[in-house]
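Colleague: Can you keep this structure in mind? I'll have questions shortly.
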Amino acid sequence: MTNLDDLVDAMAAPPDFAPRPIDLASVMAAGGRVRRRRRLVAGAASGLAVAALLVGGAQFAASQAAPDRSGPAPAAEQRADNGVLGEAIATGRGEWLLFATPIDRADLPDTHFGLNLGLPGPNGRPVSVVTTNENKGSDRTPGFHAIEGAMEVNGSKTPTFGYYVGPATKITATAKDTTVTARQAAWSEDPSVVVFWFDPDARSLDHLRAYDSDGRALPAGDNKVTVG
Amino acid sequence: MARGDDEFVEFATASSARLQHVAYLLTGNRQEAEDAAQSALVRTYAAWKRIRRNDAYAYARTVLANLVTDQWRRPYREYATEELPDRPGPRDLADDVTRRRWLIGALDVLSPRERAVIVLRHYVDLPEAEVAKELSLSLGTVKSLNSRGLAKLRLEVDAPVPTPRQNQESGARR
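Same order as they appear, the protein sequences are chains A and U. Using our numbering, read the first sequence as starting at 20 and increasing by one per residue. Using our numbering, read the second sequence as starting at 38 and increasing by one per residue.
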């Protein structure tokens with residue numbers, strides 16, 4: 020008679036192959052790239068909160084020093100404005116917002132912005148929860164870029180999202196043999212950048228495709244969905 | 038190399054074989070298992086600063102389980118039929134080769150979620166609540182998948198395996 024102990028014993032027995040030695044250099048290099056691509060809410064939120072406090076403090080100080088001054092302290096205002104490039108996009112899925120922020124890194128010379136999924140923060144400024152950006156080549160080549168897979172952050176489901184460079188009017192993906200269509204919006208700073216997102220309940224998406232207004236398939240670019 | 042990196046190297050060296058073993062049970066494929074274990078370690082390294090003071094192996098195993106289950110694109114089979122599939126036949130446990138073939142063949146009978154639950158529950162020895170947490174499933178679903186998986190494996194744990202018809206009428210057994 021087959022019993023549970025037999026199963027447990029069989030599973031515990033070593034496989035009939037020697038484990039492959041792990042290439043730790045590759046693991047750590049790839050892990051470092053993942054780390055750079057993703058920033059969770061704690062760091063981003065605290066950074067923006069500090070910025071908001073600085074802005075608020077500067078405005079308060081300016082108003083105290085010069086009550087008739089028409090605008091806030093320029094340096095502080097500039098700092099706040101630099102937090103978001105263009106307009107934030109309301110996804111219509113809970114309070115999730117999508118917005119771009121600048122990236123200026125020596126190791127990413129052709130990446131100038133990242134796409135953030137976030138929530139409304141102090142003074143209505145969006146607070147980033149997940150940041151994703153191109154990390155191989157230019158951030159403006161035609162095709163998909165920086166697709167972040169659906170996750171669960173602090174108990175909330177996040178949508179699969181990313182951006183497409185080109186005249187995409189329809190973006191689809193497959194989820195367990197079913198085709199789902201993304202919602203999308205042009206980025207106010209550069210309409211050739213199409214920001215897209217799927218329903219947060221649509222998980223395990225792949226085979227992302229973009230189509231133009233005539234229904235023709237557009238170049239895929241990097242259409243792999245990454246989580247992490 | 039930073040101190041955290043040293044710690045990660047030590048962790049990865051110590052745990053990679055175990056991760057590959059779990060991945061092999063989950064996939065039944067050596068190459069996929071090796072790739073999944075490596076990917077899990079990549080993501081573990083990415084989160085190392087945050088998790089290194091906790092149970093890093095549990096984190097890596099959770100990432101691994103989710104990586105593997107995310108790759109299963111086919112529809113879940115456990116609700117697709119009223120009939121249980123053919124069960125693995127009798128085996129000779131005295132022979133290691135036979136045993137390994139029986140194991141992988143038996144696990145292949147299971148749906149992806151049943152397989153993940155069986156491996157995490159009975160190989161990793163996690164409580165059902167932990168399995169539910171790792172796979173983002175409800176506790177009831179884990180219990181049901183475990184029962185159905187064991188039934189498919191023709192395991193007689195504490196009661197005779199019900200016939201498919203009995204199983205349908207009585208629901209999942211524990």
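Just so it is clear, CB atoms sit at the ideal spot from N, CA and C, and this is done for glycine as well. All values reported here derive from a predicted model rather than from experimental measurement.
Distance check for residue 31(A) and residue 229(A), CA to CA, integer angstroms please.
Modeller: Those two C-alpha atoms are separated by around 46 Å.
Colleague: With a 10 Å radius around its C-beta and 16 neighbouring C-beta atoms as the bar for buried, classify residue 189(U) as buried or exposed.
Modeller: Counting Cβ neighbours within 10 Å, residue 189(U) comes out buried, since at least 16 surround it.
Colleague: Indicate whether the contact test is met: 3 or more Cβ pairs, each with one atom in the region 183 to 190 of chain A and one in the region 133 to 153 of chain A, closer than 8 Å.
Modeller: Output reads no: the region 133 to 153 of chain A does not touch the region 183 to 190 of chain A.
Colleague: Along the region 44 to 60 of chain U, what residues have a CB closer than 9 Å to any CB found in chain A?
Modeller: Correct list: 45, 46, 49, 50, 53, 54, 55, 56, 57 and 58.
Colleague: In whole angstroms, what is the alpha-carbon distance linking residue 201(A) and residue 160(U)?
Modeller: Distance between the alpha carbons of residue 201(A) and residue 160(U): 40 Å.
Colleague: Chain A partners of residue 167(U), CB-CB under 8 Å?
Modeller: What residue 167(U) touches in chain A: nothing, since even the nearest Cβ is about 17 Å away.
Colleague: Distance cutoff 9 Å, beta carbons only. Does residue 149(A) sit that close to anything in chain U?
Modeller: Cβ-Cβ to chain U under 9 Å: no for residue 149(A).
Colleague: Look up residue 73(A) in the DSSP assignment and say whether it is helix, strand or coil.
Modeller: In this prediction, residue 73(A) has a pLDDT of 37, which is less than 50 and means its spatial position is unreliable; what the coordinates show is noted afterwards. Here residue 73(A) sits in helix by DSSP.
Colleague: Please state the DSSP three-state secondary structure of residue 98(A).
Modeller: Annotation note: pLDDT 27 at residue 98(A) (below 50); position unreliable, coordinate value reported separately. Residue 98(A): helix per DSSP, three-state reduction.
Colleague: Tell me whether residue 98(U) is buried or exposed, calling it buried when 16 or more other Cβ atoms sit within 10 Å of its Cβ.
Modeller: With 16 or more Cβ atoms within 10 Å of its Cβ, residue 98(U) is classed as buried.
Colleague: To the nearest angstrom, report how far apart residue 70(U) and residue 179(U) are at their CA atoms.
Modeller: Near 23 Å, if we compare the C-alpha coordinates of residue 179(U) and residue 70(U).
Colleague: Under a CB-based cut-off of 9 Å, is residue 181(U) close to chain A?
Modeller: Judged by the 9 Å Cβ criterion, residue 181(U) is not in contact with chain A.
Colleague: With a Cβ-Cβ cutoff of 9 Å, do residue 79(U) and residue 46(A) count as a contact?
Modeller: Result yes, Cβ atoms of residue 79(U) and residue 46(A) sit closer than 9 Å.
Colleague: Within 10 angstroms of its Cβ, does residue 114(A) collect 16 or more other Cβ (buried), or is it exposed?
Modeller: Exposed: under 16 other Cβ atoms inside 10 Å.
Colleague: I believe residue 105(A) touches residue 207(A) by the beta-carbon criterion, under 8 Å. Please report the beta-carbon distance rounded to the nearest angstrom.
Modeller: Contact holds; Cβ gap of about 4 Å.
Colleague: Shortest alpha-carbon distance to residue 108(A) belongs to which of 39(A), 213(A), 35(A) and 219(A)?
Modeller: It is 213(A) whose Cα lies nearest to the Cα of residue 108(A).
Colleague: I need the DSSP call for residue 103(U), collapsed to helix, strand or coil.
Modeller: Reduced to three states, the DSSP call for residue 103(U) is helix.
Colleague: Which value, in whole angstroms, describes the spacing of the CA atoms of residue 163(A) and residue 122(A)?
Modeller: Each residue's Cα considered, the two are about 18 Å apart.
Colleague: Check whether the Cβ of residue 130(U) lies closer than 9 Å to any Cβ atom in chain A.
Modeller: Note that residue 130(U) has pLDDT 47, beneath the 50 cutoff, so the model's placement of it is unreliable and the number below is only indicative. Residue 130(U) counts as touching chain A.
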